[in-house]
Amino acid sequence: MNNRTVEIGVGLFVALGLASLFMLAMQVSNLGTVTSSDSYVLTAGFENIGGLKVRSPVTVSGVRVGRVSAIDYDDNAFEAVVTMSIYSNYDGFPEDTSASIFTAGLLGEQYIALEPGGSMENLADGDRVQLTQSALVMEQVIGQFLYSATAGGE
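Residues 13 to 166 in our numbering are what the sequence shown lists, from first letter to last.
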């Protein structure tokens with residue numbers, strides 16, 4: 013085999029490896045998909061959002077239906093207000109839909125899971141999800157466990 017052919021083959025292999033690493037990095041950082049302009053906005057208020065970040069997924073039954081587009085703080089209600097961009101092809105969520113913050117796996121990223129209700133009226137662009145469940149913070153759970161263990165031992 014020609015020495016030049018081997019060098020070209022190795023170069024192509026390295027280029028393919030670098031392209032694969034780039035694609036993996038894009039998927040891990042949630043930058044792999046570009047949000048389309050055909051989406052509508054929903055907001056929800058949470059007492060604690062844990063480690064939720066902008067661009068975190070919004071899912072229903074495990075299917076990604078949107079992304080978190082902004083996180084703000086409401087000084088009047090003393091809660092975090094999460095703005096979600098929902099893809100326009102998922103526009104039939106009932107008014108009594110609930111939103112919960114979950115963690116993917118034990119140490120994975122946090123995401124918002126929507127649970128559709130049974131109302132006949134649907135949420136529209138700019139509406140607020142009224143029923144919310146905040147993130148489960150492990151430090152609080154461990155603290156409650158330790159407190160109950162010491163209080164029960166007295």
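Glycine is no exception: its CB is placed at the ideal position from the N, C-alpha and C atoms.
So for residue i, helix, strand or coil by DSSP?
{"i": "M132", "result": "coil"}
{"i": "T47", "result": "For T47, the predicted structure reports a pLDDT of 49, less than 50, and the residue's modelled location is therefore unreliable. A value from the coordinates is still provided. If DSSP states are grouped into helix, strand and coil, T47 belongs with coil."}
{"i": "A125", "result": "strand"}
{"i": "Q145", "result": "strand"}
{"i": "Y85", "result": "strand"}
{"i": "V66", "result": "coil"}
{"i": "G155", "result": "helix"}
{"i": "N15", "result": "helix"}
{"i": "T162", "result": "helix"}
Please list, in chain order, all residues of the same chain as residue i whose beta carbon is under 6 Å from its beta carbon, the five residues on each side excluded.
{"i": "P128", "result": "F105, P106, T109"}
{"i": "A56", "result": "V94, A111, V141, T144"}
{"i": "L24", "result": "none"}
{"i": "L126", "result": "V72, T109, A111"}
Going along the chain, which residues of its own chain have a beta-carbon closer than 7 Å to the beta-carbon of residue i, five neighbours each way excluded?
{"i": "S100", "result": "D50, S51, Y52"}
{"i": "G130", "result": "P106, D108"}
What does DSSP give as the partner residues of residue i in its beta bridges?
{"i": "F58", "result": "A92"}
{"i": "T71", "result": "R76, A125"}
{"i": "V53", "result": "S97"}
{"i": "R140", "result": "T55"}
Spatial neighbours of residue i within its chain, please: C-beta separation below 8 Å, excluding the five flanking residues on both sides.
{"i": "K65", "result": "V80, I83, E121, Q122"}
{"i": "I98", "result": "S51, Y52, V53, L54, V70, V77, G78, F105"}
Consider the C-beta atom of residue i and the heavy atoms of the ligand ZN; say whether any pair is separated by less than 8 Å.
{"i": "V26", "result": "This structure lacks the ligand ZN; in fact it carries no ligand of any kind."}
Beta strand (DSSP E) segments (min. 3 residues) lying fully within the region 95-119
110-115
Is it the case that the region 78-85 contacts the region 127-141, given that we only count it when at least three CB pairs across the two stretches are under 8 Å?
no
Can you confirm whether the region 141-153 touches the region 59-77 when touching is taken to mean that 3 or more C-beta pairs between the two stretches lie within less than 8 Å?
yes
Say whether the region 23-32 touches the region 88-100, bearing in mind that this needs 3 or more beta-carbon pairs closer than 8 Å, one atom from each stretch.
no
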